[in-house]
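Undergrad: Read in order, the letters of the sequence shown correspond to residues -16 to 206 in my numbering. Even for Gly, the Cβ is constructed at its ideal location relative to N, Cα and C.
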Amino acid sequence: MKKRQAVIVAVNYRLAPEHPYPAGLDDCCAATQWVHDNATELGLPLGRFAVGVAGDSAGANFAACVTLRARSDAVFPRFHYQILICPVLRHLRSGPMEGSWQEFKDDPELTIQDGLTALTAYFGDVDSHIKDPEAFPLEAEDLSGLPPTLIIIAEMDILYDDGVRYAERLEAAGVDVQLNVFATQHVVMTHAPIRCPDISRQAYEVIGNFVRAHSDACHEAHS
């Protein structure tokens, strides 16, 4: 992001199972509020530059949830865009195991059992919060009013269909959406980009161009 002249703030949020839901999400929201409230001291001219939120996998879940909170909370800072990379958008028991969930359920990089283990650690009880829109953005009835969204998904991933569905629902709600699909696995896009450096470079270029476009638009609007 250096050549895009972007400032990145990474949140060291509390981790489950020691700190179950909603500790990590609350930390992300608190960090966002803190950066906004202390922007002047940090040398960040928020009035002239776009502010976005981004994450991958579980972090993309947090990013999407923070954006939903920002929309409904008049005091909370608003975002100019959000970037969701292979996002976790619904509880794996909230619907039928079909499509990409069925096709890639035994993928050793991210299995259904991996998901159940993560949900148990996150919530304490794997069957809690199944339909909670505060925890799973696809459960939100209204997605209107959200900022322009970039969704990047892996074609060979149990989360593929959910990413497509979220993009479709956002578009239907009037949100500006860009969906990019890469022919790879979840872990390549999120945790092991060194395996496929060409795909990683392409993804980073997509992200950089998206950030630049919305940063330029914000700058022009305030110049």
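Secondary structure at Ala(-7), three-state DSSP: helix, strand or coil?
TA: Coil, per DSSP.
Undergrad: Let me know if Ile177 comes out buried or exposed under the rule of 16 or more other beta-carbons within 10 Å of its beta-carbon.
TA: By the neighbour-count rule (16 or more Cβ atoms within 10 Å), Ile177 is not buried but exposed.
Undergrad: Around the Cβ of Leu75, are there at least 16 other Cβ atoms within 10 angstroms (buried) or fewer (exposed)?
TA: When all chains shown are included, Leu75 counts as buried.
Undergrad: Per DSSP, what are the beta-bridge partners of Leu133 in this structure?
TA: Paired residues: Ile66, Gln161.
Undergrad: Classify Gln168 as helix, strand or coil using the three-state DSSP reduction.
TA: Reduced to three states, the DSSP call for Gln168 is strand.
Undergrad: Drop a sphere of 10 angstroms on the beta-carbon of Ile(-9), count the other beta-carbons inside from all chains shown, and report buried for 16 or more, exposed for fewer.
TA: Per the 10 Å Cβ criterion, exposed.
Undergrad: Could you compute how far the alpha carbon of Ile95 sits from the alpha carbon of Gln85?
TA: Each residue's Cα considered, the two are about 9 Å apart.
Undergrad: Comparing alpha-carbon positions, which option in Tyr105, Pro91, Pro131 lies nearest His2?
TA: When only C-alpha atoms are compared, the closest one is Tyr105.
Undergrad: May I ask which residues mark the beginning and end of the beta strand (DSSP E) holding Asp39?
TA: Asp39 -> beta strand (DSSP E) spans 35 to 39.
Undergrad: Would Val189 and Asn163 be called neighbours here (beta carbons separated by less than 9 Å)?
TA: Taking 9 Å as the Cβ cut-off, Val189 and Asn163 qualify as a contacting pair.
Undergrad: Excluding sequence positions up to five away, which residues of its chain have a Cβ less than 8 Å from the Cβ of His207?
TA: This structure gives no information on residue 207, because the portion of the chain shown stretches from -16 to 206.
Undergrad: Among Leu27, Cys69, Pro79, which one has its Cα closest to the Cα of Ala37?
TA: Ala37 has its Cα closest to that of Cys69, out of Leu27, Cys69, Pro79.
Undergrad: How would you call Gln168, buried or exposed, if buried means at least 16 neighbouring beta carbons within 10 angstroms?
TA: It is buried - the Cβ of Gln168 has at least 16 other Cβ atoms within 10 Å.
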